[in-house]
Amino acid sequence: MGNHIALCLETEALKNPRVLGLADENLRKQRWLTLYCNGLEARRQLLHAHGINEVWVSSTDNVDMINLAAALKRDNPKRLVCCIAFSPNGSTLSRARAAGIDCVLNKTEFLKRYAEKKMSESSDAIPDQQTRVDPRRLWGNRHETKTSRQADNSQLKQLEVTPTKVEQTHLLQPGKARAFHTEHIDIEEPSFGNYRNDAKPGELPVPLRERSRHVVASPTRAREEQRSASKTERIAFNQFARKESLKEAFVLAVVSGSGGTGKSSVALLSALYAQRLGKKTLLVDADLQFGDLKLLLGREKSLEVSDLMANPERIKSLKPEGNLPALLSSPKRLEQSELIVNRMGDLLHYLKGFFDVIVVNTGAFWSEQHAQLLEQADRTLFLLDQRPSSIKACSHALSLCARCGIATQSFVFMLNFCSRQSLVSALDVSCALKGARVVELRDGGRDVAELLGSGLPEELIAARNPFVESLFAALKSIIPHDDQDTPAPPAKHHPLKRRPFGRKKRVACL
């Protein structure tokens with residue numbers, strides 16, 4: 091098992107290797123190959139596996155290729171980790187490079203590596219098999235040697251590649267971490283569009299190039315990796331045991347069909363409005379990859395979704411602060427988003443017993459998480475902007491809800507950035523959505539971006555920004571409240587008066 095290779099692939103690819111370009115290959119019979127179809131199981135076993143110095147990641151049944159490869163590389167930086175992408179695009183290559191993955195193999199490169207590894211393992215196995223036969227048969231019969239070579243060449247022809255000599259990659263043998271121990275290793279990584287200096291015009295780009303890396307292994311690093319692995323398991327398998335409670339929070343979800351519609355701003359201000367009504371409010375940033383609510387709210391240190399999933403008892407520390415709601419921010423590590431997506435429904439059901447109002451912000455990319463949130467939401471704010479493509483994306487999202495059986499009666503459509511010069515009006519959107527009622531949110535100008543970008547939402551409310559005023563007017567009929575509940579008065583604030591350049595005062599028409 092000293093030179094084994096781990097291959098992470100889907101169950102369908104394991105049953106039908108033709109998907110990987112390996113027609114008529116039985117992957118289970120390759121003794122040098124260790125197969126994994128479950129991404130979590132692969133990471134758990136490879137974390138302590140000795141003798142596997144190289145991992146090929148195609149895809150798994152439950153974890154994305156880039157996320158799994160990045161996690162495996164982080165668990166063991168000394169191990170060579172390669173992604174298999176038959177048609178790699180710029181996004182895949184840039185994500186792989188940012189994650190520290192060693193290389194991205196296209197179809198030709200993967201088949202070459204597979205063939206060379208199979209050939210090397212076959213040549214290594216010949217002495218072990220021939221020690222059991224007569225030595226004269228091994229070296230005296232030239233016909234058998236020629237026949238064996240023809241068999242090996244026929245295997246390569248089936249893979250449609252030719253044997254080429256690949257430089258041997260020197261890796262550190264896995265072992266116990268030593269304090270402040272540094273070694274020099276040479277590994278391969280994708281060139282990402284780089285060419286050799288002496289390359290000819292018709293020559294293919296160099297897919298791999300050598301680089302030097304210094305890996306520092308220490309007991310502290312080993313303990314951190316172990317804690318990270320245990321946290322991943324807790325996120326995936328923890329049970330949210332909610333105590334029986336009379337409290338059942340009102341859930342308000344904020345979604346859109348495309349990015350840039352102002353979901354984060356609307357979600358943040360909606361949570362502030364509910365908190366000012368005297369409701370114990372929680373703001374959940376379910377934009378798991380690019381959520382920025384902790385920046386907009388001015389809380390650099392906040393409890394993350396992954397932290398609460400790993401330790402549900404930390405719910406006790408999740409409390410509002412004055413007029414600011416409690417915040418559950420998006421995870422800092424992107425690879426944890428794959429584990430969280432499928433458990434957002436359980437987490438939201440658990441949180442309902444501790445708060446009066448829960449406002450959930452979502453990402454632009456729709457997934458299983460959206461279905462779980464929409465099923466548990468009492469009302470849903472669907473944001474659109476002034477782009478015609480935003481209306482088309484909204485129609486696609488509604489069609490998806492219809493196919494998945496998700497009720498849309500609780501949807502409230504809001505058109506953002508409305509002004510006298512707007513390209514699209516609420517009437518246009520209503521006609522496109524077959525008569526649905528659409529609420530207009532006035533354009534707040536650059537004050538919204540400046541104050542929220544600086545983490546000053548209360549100053550934006552105190553400035554009586556038109557965007558905030560129109561949103562709060564719409565929320566009066568959306569968030570339930572008693573007649574005596576009135577929003578807390580905003581703090582005293584004197585915004586800077588700006589001169590309206592190029593705008594003359596209008597005279598009333600007589």
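Heads up, the sequence shown is in our numbering, so the first residue is 91 and it goes up one at a time. Heads up, the beta-carbon is just placed ideally off N, CA and C, and yes, glycines get one too. Owing to the predicted nature of the structure, the values given are computational and were not obtained by experimental measurement.
Three-way DSSP call (helix, strand, coil) for THR101 in this model: helix
C-alpha gap between LEU97 and VAL431, whole angstroms: 25 Å
Would THR371 be called buried (16 or more neighbouring beta carbons within 10 Å of its own) or exposed? buried
Which ranges would you report for the beta strand (DSSP E) in the segment 461 to 501 if only whole runs of at least 3 residues count? 469 to 474
Consider the Cβ of PHE444: report whether some Cβ of chain D lies at a distance smaller than 8 Å. No chain D is present in this structure, which holds just one protein chain.
Assuming contact is defined by CB atoms lying nearer than 8 Å, are ALA343 and THR452 in contact in what I supplied? yes
Where the beta strand (DSSP E) containing ALA376 begins and where it ends: 371 to 376
For VAL345, does the three-state DSSP call read helix, strand or coil? strand
Could you check whether PRO547 and LEU359 sit closer than 8 Å to each other, using their CB atoms as the reference points? yes
For the candidate residues LEU195, ARG169, ASP165 and ASN166, whose alpha-carbon lies nearest to that of SER177? LEU195
Own chain, CB closer than 8 Å to GLU394, minus 5 neighbours either side, in chain order: LEU418, SER419, SER420, PRO421 and LYS422
So if DSSP puts VAL147 in a beta bridge, which residue, or which two residues, is it bridged to? CYS98 and CYS173
Determine the extent of the beta strand (DSSP E) in which SER515 is found, giving its start and end residues. Per DSSP, SER515 belongs to no beta strand (DSSP E) and is neither H nor E.
Pull up the distance between the alpha-carbon of ARG187 and that of GLU144, whole angstroms please. 17 Å
Once you ignore the five residues that flank SER354 on each side, which residues in its own chain have a CB closer than 7 Å to its CB? ASP382, LEU383, LEU386 and ASN451
Can you list, in chain order, the residues of its chain with a C-beta nearer than 6 Å to that of GLU428? Leave out the 5 residues immediately preceding and following it. VAL153, ASP154 and ASN157
Within the continuous beta strand (DSSP E) that includes ALA416, where are the two ends? 416 to 419
Pick from ILE496, GLN476 and ARG493: whose alpha carbon is nearest that of LEU517? GLN476
Applying the 10 Å Cβ sphere with the 16-neighbour rule, what's the burial state of ARG185? buried
With three or more C-beta pairs closer than 8 Å as the rule, is the segment 523 to 538 touching the segment 498 to 511? yes
Span of the alpha helix (DSSP H), counted from its first residue to its last, around THR182: 180 to 188
Just grab the DSSP bridge partners of CYS508 for me. ARG532
For ASN451, name the three-state secondary structure that DSSP assigns. strand
Can you check DSSP and say which residues form a bridge with LEU394? According to the sequence shown, residue 394 is Glu rather than Leu. According to DSSP, which records beta bridges pairwise, GLU394 is partnered with SER419.
Tell me where the beta strand (DSSP E) around VAL194 begins and ends. 193 to 195
Pairwise C-alpha distance: PRO167 and THR272: With a pLDDT of only 35 at THR272, under the threshold of 50, the placement of this residue in the model should not be trusted; the figure read from the coordinates follows. Between THR272 and PRO167, the C-alpha separation is close to 13 Å.
Write down the C-beta distance between SER520 and ARG527 rounded to the nearest angstrom, noting that I regard them as a contact closer than 8 Å. 7 Å
What residue range does the beta strand (DSSP E) around ASP125 cover? According to the sequence shown, residue 125 is Leu rather than Asp. Its beta strand (DSSP E) spans residues 123 to 126.
Near ASN128, what residues of its chain come up, given a Cβ to Cβ distance below 7 Å and the 5 sequence neighbours on each side ignored? THR150, ASP151 and ASN152
Take THR351 as the anchor and find which of HIS138, ARG324 and LEU474 has the nearest alpha-carbon. LEU474
Could you spell out where the alpha helix (DSSP H) holding GLN135 opens and where it closes? 129 to 136
Rounded to a whole number of angstroms, what is the C-alpha to C-alpha distance between GLY435 and LEU398? 14 Å
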